[in-house]
Structure formats: structure tokens, C-alpha cells
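Peer 1: Could you have a look at this structure, given as C-alpha cells, before my questions?
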Amino acid sequence: MKSLSWIAAVAAVATAQAAVLPLVPAPQKISLTGGHAVSTNVIFRTEAYLPHEGYRLTIENDGATVASSDDAGAFYARQTLAQLPQPWPRLKIEDSPAYRWRGLHLDESRHFFGKDAVKALIARIAAHKLNVFHWHLTDDQGWRIDVPGYPELVKYGAVRSASPRRGTHPSRGSVAENAEALDGERYGPYWYSEADIREIVAYAAERHVTIVPEIELPGHVYAALAAYPRFACFPENLSARDPRTIWGIEKDVLCIGNGEAVAFMEDVLDYVCRVFPGGFVHIGGDECPADRWEVCGKCRAFREANGLSTAADQQAWVTRHFAEFLAERGRRAVGWDECLAGDVPESVVGMCWRDPGCAGAGQAILPPAEALRRGHELVMSPNSYCYLDYGQGLENDPLQYARRTLTLERAYGFDPCAGIPAELHGRVLGGQGDNWTEYTWNAEELDQKIWPRAAALAECLWTGPARPGFSDFTARLALLRGMQSAGGNSGAR
Ligand code: ACM
Ligand code: ZN
């Protein structure tokens, strides 16, 4: 177990390696040419043959020269410059990312952090050369996006009557059975307007971060059903018009046999395509129990009419339908790995979160190599390396966590291509860290959970197999944090 103060724990290592520069993630290639620059002038120039997002940075006596083939490369060179101590050492760096998708996910359904926290997070991930912000905007416990034509979504879906108290973990059973665990406090309404979203999208774009919005379907939709009970298989289950007040997996899901419910989700996704310009839209697909579908007359009739024999076929129909809907709007669907198991278009990007052997909600796991062979591209986010809601393995840690552990060292060991045959590596887009927020109540706690583990993941995704190793990483990290607390600037500019 490490002490809570990991900075202190690694300070000795940092001192022993005084020549180490505080660059996180580490560049692919760096050579120090001796001495320091006397100027902080920076010249930018375009060199078309350099890789997308890559750059070459040369620091001589008279300042820095940055070469890149695109704006993203110049941006990442600026992040590197911002991490260097002044006066700048003379050096040459040649750098480019190992992976295209370098992501961080944030669940704002369970707890809501708001525009300023989201912008601060985007700035910080960009400073670590991450380029995707996966924004989990809807789930059973809260709906966080105002959609024109559906005013009840924020009226009912963005506020819940209670939440689990700190120190409790209610996730199964009825609300009545969990009454002791609930705080009885109204949570919300919390949601984003179109103006908020456009502001955040623009802020992210300036930092070369693409936002991938997630609208969960067909499961994890209870907050939407609280707003529009008629879109559930059994509307009477939603008569309280209250999102789910305990954690866990909800059995009331979208009624696929109800054309109006499907049209509702189309309207939501159509709007999402209008306000989020990025190429990907995440449609969830995880943990969708079939209990209601099995006994719903409308769902059964729908299955029969469409030649679908099982609930798994019904879920595959959902994935196909919405993937095609998004494709018509020039977007690619991304889904959690459950949705890959059936007959779904190879254009669907799979987001693999379940470690092999993890049964999840009982849905089949398609092994990543098999999904790649079927033609899917994948984003790897296996929970035992990438779930930042897991405990950090620190002593006397005041934060509350989901029950498993992910240490900083293990996060640093993340390899998106682990166990995947080399000929399939090209279809692994990258990976991401995920922040589920059942046990994260505010932006400060969120920060403490994300960092420094997200910095370790950033190095896995940017530097990739060439990264220099965990003790080198922690030494650089300690220097960087030391520089930041002394007032140095390493935020994304
Ligand atoms: C997930 O953790 N249910 C994607
Ligand atoms: Zn139904």
C-alpha cells in the first residue's frame, strides 16, 4: 500500500534522477543537446509528412521551433513546452501518439459536476494529450440534456427525490427495501442547455478534444421513462415519475415494441447529432436486462413481426437500428461491448469494458479478437485497468469507492492491444479511463480519483509500448506537480 501522499513517496526517486524532465506523457524520442535557451520565442512551421497529431520540437539558444503537419500537432508541442521548466533546456523531441482514441469518460447522471468542472477536466486531459471526452449524459438516476420537444425530460428526469447516503451501497431490491440507505434529499434539477453544450463543445474543440456524447439505450433509461412512462413496457411501474434513487441495474427499459418509444430515441439522437459535431455517438447498450421484454405484449409482437427469436436478437435489432439511424447523419455508433454479441453492423465501434471472465449483467462477451475479426474497431477500457471509480490502494484514503481496486501502477500497465494478435492491432483505436460517479459527490473528489491515474493511462495511450516504465513515470509526475504547485503553467493552452 502506498501512502496517500504519493508525491512524497516518489520525491526521493525524482531527486535521484534530476536530469528527468517533467514531461507527462513521455515523448516518443527526446535528446538533450546541452545548455539552455536564452529566448522563449517559438516559431511554428508546417511539414506535411509528419504524422497526424505529431510534432518535432527543437529548442536551441534562440528559442523553439515546432514542426507539424496539422494544428493538433502544434497544439501538442505547446503542451510539451508548457511542461518544460524555464529556462528551457536545449533539446530535440520527435513525438506522435501511439493511439488515435485517447479518452476519458465522465458519468454525470449519478452525480452532476457542472460546466466549470467539465471545462477544467477537458483542459487538464488535453494538457496530458488525451483527445476524447466521453460524456455519459443519461442513465437510470438522471437525464442531463434538454431536448427540444421533450420538456418533461428535464422536468422529471433531471431531478430525483433521494440518493444513497455516503457509506451505503444500495444497488439491488426495491426502494422500500433500501429506505434506510436513502438520504431523502432532492437532487437536482441538474442538466445542460443547448447553450451550455455548444460552449463546452467549442471549448473542447479549441483543445483538440472531441466530445463523444452518450445516450444510453435500450437499458439504463429509467430517468427518461420517469419523464415519459409511456415509453416503458409497463408504464405503471413509473407512476412516481422519479428517476432511480438507488444505484445498480434497472429492469424497466425502453419498450422496443412501442414505435413511439423508438421514435423518441431517434428524436433525441437527431438532436444530439445537431449539437455535437464529432464523428461518434455512443448509444450505451450495456446491462440491459430482458425481464420486461420477455413478458411485454408489444415487445413479443415486435419480435414475432421482425423474425427475432430471443431478447439478444431484440437487442441486436436495437443496435442495428440506431447505428443505421446515426450513419444516415454521418455518425458512427459506439456501444459498450454487450451490443457486439449479435448481428450488428461492423461499423459499430465496440467499447470493451468487461475483463475476460466477467459475467457483467449476464450478457455474452464477444472476445475482443473475435470482434476485430468481424470487422469492428474497438476502444479498450477494461475495468481492471481503466475504471477510475475503483479504489486507489492508498492508506487512510477518505474517498469512498466502488469495491474493487486499481492502483496507479496497474493503470500504468494498461495495454490496449494485450492478448490481441498483431495483425488485428490496427483496428484497436485506443482506450480510455472511465469515471462512474455513484461514489463521487463533487468536483474535488472527482479530481482526486482521476489524477494521477488518468496521467498513467495518458502515457499508455500516447507513448504506448515505448513508455519508459513506472518509476520513471512517477519521477516525471512528481517534478511536474512540483512545478505546478510552484506556479508553473502546464494547463492546456
Ligand atoms: C459499464 O460499466 N456498465 C459500462
Ligand atoms: Zn415492451
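Going by the numbering used here, the sequence shown opens with residue 1232, and the numbers climb by one from there. Backbone N, C-alpha and C define an ideal beta-carbon position, used for all residues, glycine too. The structure presented is a predicted model; accordingly, all values stated were derived computationally and were not measured.
Heavy atom of ligand 1 less than 7 Å from the Cβ of Asp1371, yes or no?
Peer 2: no
Peer 1: For Asn1614, report the span of its beta strand (DSSP E) as first-last.
Peer 2: Premise fails: Asn1614 lies in the alpha helix (DSSP H), 1614-1617, not in any beta strand (DSSP E).
Peer 1: Would you check if the distance between the CB atom of Ile1442 and the CB atom of Phe1364 is smaller than 8 Å?
Peer 2: For Ile1442 and Phe1364, yes; Cβs fall inside 8 Å.
Peer 1: Write down every uninterrupted run of the alpha helix (DSSP H) in the segment 1492-1519 whose length is 4 residues or greater and which is fully enclosed by it, in chain order.
Peer 2: Runs of the alpha helix (DSSP H) inside the segment 1492-1519: none found.
Peer 1: Would you call the segment 1540-1550 in contact with the segment 1466-1477, where contact means no fewer than 3 C-beta pairs closer than 8 Å?
Peer 2: no
Peer 1: For ligand 1, is there any heavy atom lying closer than 7 Å to the beta carbon of Asp1620?
Peer 2: no
Peer 1: Quick one: using the 10 Å Cβ neighbour count with 16 as the cut-off for buried, is Gly1718 buried or exposed?
Peer 2: exposed
Peer 1: How would you label Tyr1489, buried or exposed, when you count the other beta carbons within 10 angstroms and need 16 or more for buried?
Peer 2: For clarity, residue 1489 is Asn in the given sequence; the question names Tyr instead. Buried is the call here.
Peer 1: Taking the continuous alpha helix (DSSP H) assigned at Tyr1387, which residues delimit it?
Peer 2: 1383-1388 is the extent of the alpha helix (DSSP H) around Tyr1387.
Peer 1: By the 10 Å Cβ neighbour count, where 16 or more other Cβ atoms means buried, how is Asn1409 classified, buried or exposed?
Peer 2: buried
Peer 1: Just to check, is the beta-carbon of Trp1672 closer than 7 Å to a non-hydrogen atom of ligand 1?
Peer 2: Closer than 7 Å to some heavy atom of ligand 1: that does not describe the Cβ of Trp1672.
Peer 1: Restricting to runs no shorter than 3 residues, where is the beta strand (DSSP E) found entirely within the segment 1385-1473?
Peer 2: 1441-1448
Peer 1: Roughly how far, in whole angstroms, is the beta-carbon of Tyr1387 from the beta-carbon of Ala1458, given that I think they are within contact range, below 8 Å?
Peer 2: 4 Å
Peer 1: Would you say Asp1338 and Thr1668 are within 8 Å of each other, going by their C-beta atoms?
Peer 2: A contact, by the Cβ cut-off of 8 Å.
Peer 1: According to the neighbour-count rule (16 or more other Cβ atoms, all chains shown, within 10 Å of its Cβ), is Ile1681 buried or exposed?
Peer 2: Buried, since its Cβ has 16 or more Cβ neighbours within 10 Å.
Peer 1: Which one of Asp1703, Phe1701, Thr1694, Ser1716 has the shortest CA to CA distance from His1359?
Peer 2: Thr1694
Peer 1: Any heavy atom of ligand 2 within a distance shorter than 7 Å of the CB on Lys1260?
Peer 2: no
Peer 1: Who are the Cβ neighbours of Ala1590 in its own chain at under 6 Å, not counting the five residues just before and after it?
Peer 2: Because Ala1590 sits at a pLDDT of 47, beneath the cut-off of 50, its placement in the model cannot be relied upon, and the following sentence gives the value as read from the coordinates. So the list is empty, once near-sequence residues are dropped.
Peer 1: Who are the Cβ neighbours of Cys1617 in its own chain at under 7 Å, not counting the five residues just before and after it?
Peer 2: Phe1645, Gly1662, Gln1663, Gly1664, Asp1665, Leu1688
Peer 1: If we ignore side chains and look at the alpha-carbon of each, how far apart do Pro1683 and Leu1639 end up?
Peer 2: 7 Å
Peer 1: Give me whichever residues DSSP pairs with Phe1364 in a beta bridge.
Peer 2: Phe1364 is bridged to Leu1335, Ile1442.
Peer 1: Any heavy atom of ligand 1 inside 7 Å of the beta-carbon of Glu1481?
Peer 2: no
Peer 1: Tell me the DSSP secondary structure of Ala1564 in three-state form.
Peer 2: strand
Peer 1: May I ask you to report which of helix, strand or coil DSSP gives Tyr1307?
Peer 2: helix
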